[in-house]
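Asker: From first to last, the protein sequence lines stand for chains A and B. Throughout the first sequence, residue numbering follows this note's numbering, covering -9 to 240 in sequence. Throughout the second sequence, residue numbering follows this note's numbering, covering -9 to 240 in sequence.
There are 2 protein chains.
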Amino acid sequence: MSGVLYIVGLGPADERWLTLEAQEALAQAQDIIGYEPYVARVPMREGQTRIASDNRVEIDRAREALERTAQGRNVAVVSGGDPGVFAMAAAVLEAVDHGPKEWRDLDIRVVPGVSAMQAAAARLGAPLGHDFCAISLSDNLKPWNVVEKRLEHAARGDFVIALYNPASRARPTRVIDAFALLRRFLPGSAFVGLAKSVGREKEDIILTTLDEVDVSLIDMSTLVVIGASGTKRITRESARDWVYTARKAE
Amino acid sequence: MSGVLYIVGLGPADERWLTLEAQEALAQAQDIIGYEPYVARVPMREGQTRIASDNRVEIDRAREALERTAQGRNVAVVSGGDPGVFAMAAAVLEAVDHGPKEWRDLDIRVVPGVSAMQAAAARLGAPLGHDFCAISLSDNLKPWNVVEKRLEHAARGDFVIALYNPASRARPTRVIDAFALLRRFLPGSAFVGLAKSVGREKEDIILTTLDEVDVSLIDMSTLVVIGASGTKRITRESARDWVYTARKAE
Chain A
-9 MSGVLYIVGL GPADERWLTL EAQEALAQAQ DIIGYEPYVA RVPMREGQTR
41 IASDNRVEID RAREALERTA QGRNVAVVSG GDPGVFAMAA AVLEAVDHGP
91 KEWRDLDIRV VPGVSAMQAA AARLGAPLGH DFCAISLSDN LKPWNVVEKR
141 LEHAARGDFV IALYNPASRA RPTRVIDAFA LLRRFLPGSA FVGLAKSVGR
191 EKEDIILTTL DEVDVSLIDM STLVVIGASG TKRITRESAR DWVYTARKAE
Chain B
-9 MSGVLYIVGL GPADERWLTL EAQEALAQAQ DIIGYEPYVA RVPMREGQTR
41 IASDNRVEID RAREALERTA QGRNVAVVSG GDPGVFAMAA AVLEAVDHGP
91 KEWRDLDIRV VPGVSAMQAA AARLGAPLGH DFCAISLSDN LKPWNVVEKR
141 LEHAARGDFV IALYNPASRA RPTRVIDAFA LLRRFLPGSA FVGLAKSVGR
191 EKEDIILTTL DEVDVSLIDM STLVVIGASG TKRITRESAR DWVYTARKAE
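Put into structure tokens, the structure is as follows:
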């Protein structure tokens, strides 16, 4: 008798962005598997096994979760944000696709969560209020020319752009290359928002432009939002400006 | 003394996708304002005023919420899904932008939620596991040629595409036009998923292709997902196939 494999989104920070469905899935799980900082965010529960690993072994982690589920355990694979957006849901299904045929019959349930870009948008106002793209700048698994092609079409299509994984220790310069490319298609005055560690103690929200962005501020905890032609800024004296993308194109 | 205006995402269906932050905001609110079916989903609480309106009066609803907040009420404007994605957060900030200067100083807090495309993706597997776009087909507020330009760039950029508002009573044919355009750039075998009424009693999930999609199945409750070159289908005998977008481009 096999168990249930929950792929659970914890949201971008503490439990305030956890859904009821996610709480229930975590309560059902006998084994909690994930990248160490995400596993650490799951409340301790007696008898639960916790298997924390490094961020670069997604497929190994997915296989371990599937093996345990096949052996009859109820397992929760945890992701920050939404597991369906640049996270563990695709990794688990990739492992199913290339794994033993029995894994196709396992009871796998994806439990969605608030993604990093949505939390960042909430802090900025409503920059994703109209058509937008999400692009990961990670080139671990895709060639950089694919990233370039997508950035170009996102800019030419006048989409608001959310950039995931803008920096890494292995390649700190890729966001510089991405901004250089975007400047060929977008005005220098285009809105750029940097949302750092949203919901966490060190949260920092920076409003700037494509011409003036200081790339040294961008680290692995940063979600970058680039505005479209309809993105507007509301100046305020008492607090940080609001940014929103008007539903009406101009 | 003015109140607090919460712009709250209820998630796509019942309370299972509600966050703790959203629950707390709803508990703080003296007035609940929104499109009637969303207001109906908020648990009744003694003394709360409920102001439900038609879907087409977003800006009026936003103004009413801002006026009440300025008068000292704590107000929750509720949206299905995430208020930041094609929903009330942009409408409220648009009203602030064009309203009296005092509104800029109001305490407005955007409370993110799980969006319809994330719930749809969870049911399908992990189609949004890699770079994707979200496009609203509504042409109430933007010219159709803007929609066409974005569809073209989304397809040429090899993005997974989530289509919001694929049908309306006013213009039932726009999704037909959208598919016709996409067929110029994408193979007929491209994955198409229709996620209808996700999380609700009438939920229906349909897996098909660009060549074979039956547009008569698409209504206002449908979220449409169109795959990219990396989107794969895992055939299963015991249950509906899984769909995911591989992190590695091919």
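Even glycine gets a Cβ: it sits at the ideal position worked out from N, Cα and C. The structure displayed is predicted, hence computed values, not measured ones.
Would you check if the distance between the CB atom of B/Y28 and the CB atom of B/V82 is smaller than 8 Å?
Answerer: no
Asker: For A/P39 versus A/S(-8), is the C-beta distance shorter than 8 Å?
Answerer: The sequence given here has Thr at residue 39 of chain A, not Pro. Cβ distance not < 8 Å, so A/T39 and A/S(-8) don't count as in contact.
Asker: Tell me, please, whether the segment 89 to 103 of chain A touches the segment 114 to 128 of chain A by the rule of three or more beta-carbon pairs shorter than 8 Å.
Answerer: Too few Cβ pairs lie closer than 8 Å, so no.
Asker: Since A/I196 and A/L213 are thought to touch, with beta carbons under 8 Å apart, how far apart are those beta carbons, to the nearest angstrom?
Answerer: With a Cβ gap of about 11 Å, A/I196 and A/L213 do not count as contacting.
Asker: Contact criterion: CB-CB distance below 8 Å. Does A/T9 meet it with respect to chain E?
Answerer: Judged by its chain identifiers, the structure shown contains no chain E, and its protein chains are A and B.
Asker: Which same chain residues, not among the five before or five after A/I166, have their C-beta less than 8 Å away from its C-beta?
Answerer: For A/I166, the CB contacts under 8 Å within the same chain, skipping 5 residues up- and downstream, are V205 in chain order.
Asker: Which residues in the same chain as A/A55 place their Cβ atom closer than 7 Å to its Cβ, once the five residues preceding and following it in sequence are excluded?
Answerer: L(-5), I23, V65, V67 and V82
Asker: Could you work out which residue in B/A110, B/L0, B/D44 and B/V101 is closest to B/E193 when comparing CA atoms only?
Answerer: Comparing Cα-Cα distances from B/E193 to each of B/A110, B/L0, B/D44 and B/V101, the minimum goes to B/A110.
Asker: Tell me, please, whether the CB atom of A/V(-2) is closer than 8 Å to any CB atom in chain B?
Answerer: no
Asker: Look at A/A42 and A/E26 and say whether their C-beta atoms are less than 8 Å apart.
Answerer: Yes, they are a contact pair.
Asker: Could you tell me whether the Cβ atoms of B/Q18 and B/R63 are closer together than 8 Å?
Answerer: no
Asker: Just to confirm the assignment, what range does the beta strand (DSSP E) spanning B/L153 have?
Answerer: Where B/L153 is concerned, the enclosing beta strand (DSSP E) starts and stops at V150 to Y154.
Asker: Kindly list, in the order they appear in chain B, the residues whose Cβ is closer than 7 Å to that of A/E118.
Answerer: The question names Glu, but residue 118 of chain A in the sequence shown is Leu. Neighbours of A/L118 on chain B, chain order: G74 and V75.
Asker: Once DSSP output is grouped into helix, strand and coil, what is the label at B/F169?
Answerer: The answer is helix: DSSP assigns B/F169 an H, G or I state.
Asker: Does DSSP classify A/V65 as helix, strand or coil?
Answerer: strand
Asker: Does DSSP classify B/S(-8) as helix, strand or coil?
Answerer: If DSSP states are grouped into helix, strand and coil, B/S(-8) belongs with coil.
Asker: When the Cα of A/F149 is compared with those of A/L141, A/V32 and A/I208, which residue comes out closest?
Answerer: For A/F149, the closest C-alpha among the options A/L141, A/V32 and A/I208 is that of A/L141.
Asker: In whole angstroms, give me the CA-to-CA distance for B/A145 and B/L171.
Answerer: 9 Å
Asker: In the DSSP assignment, find the unbroken alpha helix (DSSP H) run with A/R58 in it and report its ends.
Answerer: E48 to A60
Asker: Please return the same chain residues whose Cβ sits closer than 6 Å to the Cβ of A/D209, not counting the five positions on each side in sequence.
Answerer: Exclusion of the five residues before and after A/D209 leaves A157 as the residues of its chain whose Cβ lies within less than 6 Å of its Cβ.
Asker: Near A/S219, what residues of its chain come up, given a Cβ to Cβ distance below 6 Å and the 5 sequence neighbours on each side ignored?
Answerer: In chain order, D148 place their CB closer than 6 Å to the CB of A/S219, counting only its own chain and leaving out the 5 sequence neighbours on each side.
Asker: Within 8 Å of any Cβ in chain A, is that where the Cβ of B/L165 sits?
Answerer: The sequence shown places Val at residue 165 of chain B, not Leu. Output row for B/V165: interface = no.
Asker: Give the DSSP-derived three-state secondary structure of A/S228 in the structure shown.
Answerer: coil
Asker: Considering A/K186, what are the terminal residues of the beta strand (DSSP E) in which it resides?
Answerer: F181 to K186
Asker: Helix or strand or just coil, what does DSSP make of A/A77?
Answerer: coil
Asker: Under 9 Å, CB to CB, which of the residues in the segment 125 to 139 of chain A have a partner in chain B?
Answerer: For the segment 125 to 139 of chain A, which is checked against every Cβ of chain B, the residues closer than 9 Å are I125, S126, S128, N130, L131, K132, P133, V136, V137 and K139.
Asker: Grouping DSSP H, G and I as helix and E and B as strand, with all else coil, what is A/R237?
Answerer: coil
Asker: Please confirm whether B/R173 has its beta-carbon closer than 8 Å to some beta-carbon of chain A.
Answerer: Under the Cβ criterion of 8 Å, B/R173 is not counted among the residues facing chain A.
Asker: Return the Cβ separation of B/P2 and B/V188 in integer angstroms, given the expectation that the two are a contact with Cβ distance under 8 Å.
Answerer: 5 Å
Asker: Just the Cα atoms here: how many angstroms apart are A/F181 and A/I151?
Answerer: 10 Å
Asker: Along chain A, which residues have their Cβ under 8 Å away from the Cβ of B/V101?
Answerer: A112
Asker: Under 8 Å Cβ-Cβ, which residues of chain A neighbour B/R226?
Answerer: R94 and D95
Asker: Please return the same chain residues whose Cβ sits closer than 7 Å to the Cβ of A/F175, not counting the five positions on each side in sequence.
Answerer: E142, A145 and R146
Asker: Give me the Cα-Cα distance between A/P102 and B/L8, rounded to the nearest whole angstrom.
Answerer: 11 Å
Asker: What residues from chain A crowd round B/R6, counting only those whose CB sits closer than 7 Å?
Answerer: T9, L10 and E11
Asker: Near A/L114, what residues of its chain come up, given a Cβ to Cβ distance below 6 Å and the 5 sequence neighbours on each side ignored?
Answerer: G183 and V233
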